[in-house]
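Comments concern the structure below.
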Amino acid sequence: MNTPWTTESLYEALRSDSTADLEGVELNLVGGVDATVSIVMREQGDLAMQLAVSGEQIFVSSPLCLASQVKDRNAFNEACLRLNPINPLSNLGLQRVGDEDLYIVFGELSSRSPLQAVVEEIHVLADNTLQAAEAFADQLK
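Numbering (full-length UniProt numbering), first residue to last: 1 to 141.
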């Protein structure tokens, strides 16, 4: 693809391309100043994800847990840093939501990536989020 995606054009392509492997995936465009695509992975326990295009990047993310759900933040942060090299296609980070920190799993691609690469990123990120949730289960309240 030579022309970079926008959030809207990528949403339309994901919905309309019959070759995209998105069975069991619910997509909704959420408008506003910065549009996002809300993704629900029905076959992975209704895992919620977000996708947005900004400039040269496609950003895909999924919530892992709220900081208030973590028993020991220092130990959890270290565990996140140790897990990251094992899942090199996904990263772990923090986002501020209201007055609380939210741990997220995220990945990024070029906004010029082919559609199939975006679909693969969605599936890989979902799998990595579930693996991280399983790996960290004993560290949550």
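C-beta atoms are modelled at their ideal positions from N, C-alpha and C, and glycine is treated no differently.
Identity of the residue in the options nearest residue i by Cα
i: ASP72; options: LEU92, ALA137, GLU56 and GLN57; result: ALA137
i: SER61; options: PRO114, LEU47, ASN74 and SER68; result: LEU47
i: ASN2; options: GLN57, SER111 and GLY31; result: SER111
i: GLU23; options: VAL30, LEU14 and LEU29; result: LEU14
i: VAL25; options: TYR11, ALA79 and GLY32; result: TYR11
i: THR19; options: ALA135, PRO114 and ALA126; result: PRO114
i: GLY32; options: GLY93, ASP21, GLU8 and MET41; result: GLU8
i: THR6; options: GLN131, ALA135, LYS141 and LEU109; result: LEU109
i: GLY55; options: GLN131, LEU130, PRO4 and ALA135; result: PRO4
Neighbour-count burial assignment, residue i, 16 or more Cβ in a 10 Å radius
i: GLU121; result: buried
i: VAL118; result: buried
i: GLY107; result: buried
i: ALA75; result: exposed
i: ASN128; result: buried
Local conformation of residue i per DSSP, three classes
i: ARG73; result: helix
i: GLU23; result: coil
i: ASP101; result: strand
i: PRO63; result: strand
8 angstroms Cβ cutoff met for residue i and residue j
i: VAL70; j: GLN116; result: no
i: ILE104; j: GLN95; result: yes
i: LYS77; j: ASN84; result: The amino acid occupying residue 77 in the given sequence is Asn; Lys does not appear at that position. No; because the gap between Cβ atoms is not below 8 angstroms, this pair is not in contact.
i: ALA133; j: LEU81; result: no
i: ALA126; j: GLN57; result: no
i: ASP101; j: ALA67; result: yes
i: LEU89; j: VAL124; result: yes
Beta carbon proximity, residue i to chain B, threshold 8 angstroms
i: ASN128; result: This model lacks chain B altogether; it includes just one protein chain.
**Asked** Any contact of the stretch 49 to 59 with the stretch 23 to 39, i.e. 3+ C-beta pairs under 8 angstroms?
**Response** With a cut-off of 8 angstroms, the stretch 23 to 39 and the stretch 49 to 59 count as touching, because enough Cβ pairs lie within range.
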